[in-house]
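Each residue of the sequence shown is one higher than the one before, starting from 0 at the first, in numbering that gives the first Met the number 0.
Worksheet: the structure to be examined is printed underneath.
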Amino acid sequence: MKSSFSFKLLSAVVLAAVVLYFVVEIYQYLDNPFSTTLTYESAAEDSISLTGWIVRREESFHADAATVTHSLSEGARAATGETIAVAYQSAAALDTVSRIETLELQLQQLEFAHTSYLNADAALKLDTTITGSILSARRQFASGDYSAAADELSALKAAVLKRSHTYSSAEEIQADIAAVQSELSALRATLTGAQYIAAPRSGIYSAVCDGYESVLTPDILPSVTPSSLQHITPGENTGNVGKMIYGDTWYYAAVLDEQYVEVLRPGQIVTLRLAKGLERDIDVTVESVSEPEGGQAAVVLSCAEYLPQVTTLRRQAASLVMDTYEGLRIPSSALRMDEDGVLGVYCVAGITARFKPVEVVYRGSGYTLVRPAADASDSATLRRGDEIILTATRLEDGIVVR
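As structure tokens, this is what we get:
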């Protein structure tokens, strides 16, 4: 019973001490509500959110065949007359084609292994390639560019298989090469009736068709309106072979609120940030801004940069970055006027308050980006990491705050 009483007494003492601590803290805050924060470098931007369509000069291709294989990777450039796909009348031919592709890759690996068997440096270079491919594939997956990641994984697989053959003897590798070449010759002899589809002119190849190839063309852009963009419907999608994209210039046509009509003007260079498919911002040119219609307007942007990452994109959310601001970020409540009407902040300097004049760069929601006033002395220059005062009973330059 003594032990139980002692425990209860100790608990009561601890509880009383905790309550007393909070009472003292609350009293001190109310008596002198002193709080600070640190400045740090930050950036902000003025941007416009919009959703629109990617428009290109495209031509889709169709083949009356049971099986189609693509000869080029997504976004690859094709020369005039270059084979972009092969069509086969029999669906069973796909298994044969797949086996041929596997054997061709295996032959490439064996030939490399034979070379690296004679050259030790080749194996070391391949190890570096494997490491680089792993890191690159990871970056592509993290950014959401799965098409590029798939290509990187294929290259990684090939490199790993090449490396695995380097432990065989030269005689074993030569015997494997002869066996693969023999099987390849036999399989190629069984493939008949293949239809080779060639690019009619140079351009960029894409295996993805969505039916908009004949609808969203540059020809519609001069007369585009908000209503025409909102009621676009795809045509018949018959491009089982893929499509060719002609020219490096592509367009982005979107609907935006009427309030931004005066902000954008033809010929202006702005920054476009796509919501997905592209890791970086790109510079685009404002081609046209339509007359307002129902509180909205249509804007057409153009980009003359070859970007294989956008060949599969069509309906896309984006942001237009109009201006970017950089400065020291502080809470807006920290801004004050001194007795001379100069805007600035009070910082802790030892145990006293020091007034440092600033110029406003950007006002955000609850925060402000500032820079030191041009005529501020060295001791009154606001710097990154300065401790600025947010709340205090009374503030003036030189007053003791601690």
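Idealized CB from N, CA, C, for every residue including glycine.
Given the structure is predicted, the values throughout are model-derived calculations rather than measurements.
(1) Alpha carbon to alpha carbon, how far is residue 73 from residue 312?
(2) Just to confirm before moving on: does the CB-CB distance between residue 414 and residue 360 stay below 8 Å?
(3) Please report the residue range of the alpha helix (DSSP H) in which residue 72 lies.
(4) With DSSP collapsed to three states, give me the class of residue 361.
(5) Just how far apart, CA to CA, sit residue 105 and residue 222?
(6) Which residues does DSSP pair with residue 57 in a beta bridge?
(7) Determine the contact status of residue 103 and residue 320, defining contact as a CB-CB distance below 8 Å.
(8) State the CB to CB distance for the pair residue 127 and residue 329, rounded to an integer number of angstroms; the pair is presumed to be in contact (CB under 8 Å).
(9) What are the uninterrupted segments assigned as alpha helix (DSSP H) that are 4 or more residues long and contained completely in the segment 183-261, given in chain order?
(10) Opposite residue 329 in the DSSP bridges: which residues?
(11) Taking the straight line between their C-alpha atoms, what separation do you get for residue 28 and residue 391?
(12) When we look at the beta-carbon of residue 402 and count the other beta-carbons within 10 Å, is it buried (16 or more) or exposed?
(13) Please go through the same chain and pick out, in chain order, the residues whose beta-carbon is closer than 7 Å to the beta-carbon of residue 236, but skip the five residues on each side of it.
(14) For residue 350, which three-state DSSP category applies?
(15) If you follow the beta strand (DSSP E) that residue 287 is in, where does it begin and where does it stop?
(16) Would you call residue 181 buried or exposed, if buried means 16 or more other Cβ atoms sit within 10 Å of its Cβ?
(17) Decide if the segment 83-94 is in contact with the segment 290-307; the criterion is three or more beta carbon pairs, one per stretch, under 8 Å apart.
(18) Pick helix, strand or coil for residue 89, following the three-state DSSP scheme.
(19) Report the rounded CA-to-CA distance for residue 364 versus residue 322, giving the unit in angstroms.
(20) Considering only the beta carbon of each residue, do residue 285 and residue 253 sit closer than 8 Å?
(21) Under 8 Å by Cβ, that's how I've got residue 50 and residue 389 pegged, so tell me the actual separation to the nearest angstrom.
(22) So what's residue 315 in DSSP terms, helix, strand or just coil?
(23) Could you compute how far the alpha carbon of residue 354 sits from the alpha carbon of residue 42?
(24) Count the other CB atoms within 10 Å of the CB of residue 13; is the residue buried (16 or more) or exposed (fewer)?
(25) Determine the closest residue to residue 68 out of 231, 172, 275, 100, with distance taken between C-alpha atoms.
(26) Which residues mark the beginning and the end of the beta strand (DSSP E) in which residue 300 is found?
(27) Relative to the alpha-carbon of residue 200, which residue among 234, 134, 79 has its alpha-carbon at the smallest distance?
(28) Among 266, 75, 371, 274, whose alpha-carbon lies nearest the alpha-carbon of residue 247?
(29) Taking the CB atoms as reference points, tell me whether residue 231 and residue 220 lie closer together than 8 Å.
(30) Candidates 251, 97, 278: which alpha carbon is nearest residue 217's?
(31) Please tell me whether residue 308 and residue 277 are closer than 8 Å, where the distance is taken between their beta carbons.
(32) According to the neighbour-count rule (16 or more other Cβ atoms, all chains shown, within 10 Å of its Cβ), is residue 345 buried or exposed?
(33) Ignore the nearest five residues each way along the sequence and tell me which others in residue 77's own chain have a CB closer than 8 Å to its CB.
(34) Assuming contact is defined by CB atoms lying nearer than 8 Å, are residue 398 and residue 352 in contact in what I supplied?
(35) Please report the residue range of the beta strand (DSSP E) in which residue 272 lies.
(36) Leaving out the 5 sequence neighbours to the left and right, which residues in its chain are closer than 6 Å to residue 376 when beta-carbon positions are compared?
By the coordinates alone:
(1) 12 Å
(2) The chain is shown from 0 up to 401; residue 414 falls before or after that span and cannot be answered.
(3) Careful: residue 72 lies outside any alpha helix (DSSP H) and carries neither H nor E.
(4) strand
(5) 54 Å
(6) 244
(7) no
(8) 47 Å between Cβ atoms; not a contact.
(9) 225-229
(10) 367
(11) In this prediction, residue 28 scores a pLDDT of 49, lower than 50, which makes its location untrustworthy; no coordinate-derived value is stated.
(12) Nothing about residue 402 can be read from this structure; the chain reaches only from 0 to 401.
(13) 208, 209, 210
(14) coil
(15) 281-288
(16) Counting of Cβ neighbours within 10 angstroms places residue 181 among the exposed residues, the total staying below 16.
(17) no
(18) If DSSP states are grouped into helix, strand and coil, residue 89 belongs with coil.
(19) 17 Å
(20) The Cβ atoms of residue 285 and residue 253 lie no closer than 8 Å to each other.
(21) That belief does not hold up - the Cβ atoms of residue 50 and residue 389 are roughly 40 Å apart, past 8 Å.
(22) strand
(23) 24 Å
(24) exposed
(25) Looking only at 231, 172, 275, 100, the smallest Cα-Cα distance to residue 68 is reached by 100.
(26) 295-302
(27) When only C-alpha atoms are compared, the closest one is 79.
(28) 75
(29) no
(30) The residue with the shortest Cα to Cα distance from residue 217 is 251.
(31) yes
(32) buried
(33) Here the set comprises 71, 83, 198, 201, 202, 203, 204, 243.
(34) yes
(35) Residue range 268-273 is occupied by the beta strand (DSSP E) that includes residue 272.
(36) Answer for residue 376: no residue qualifies.
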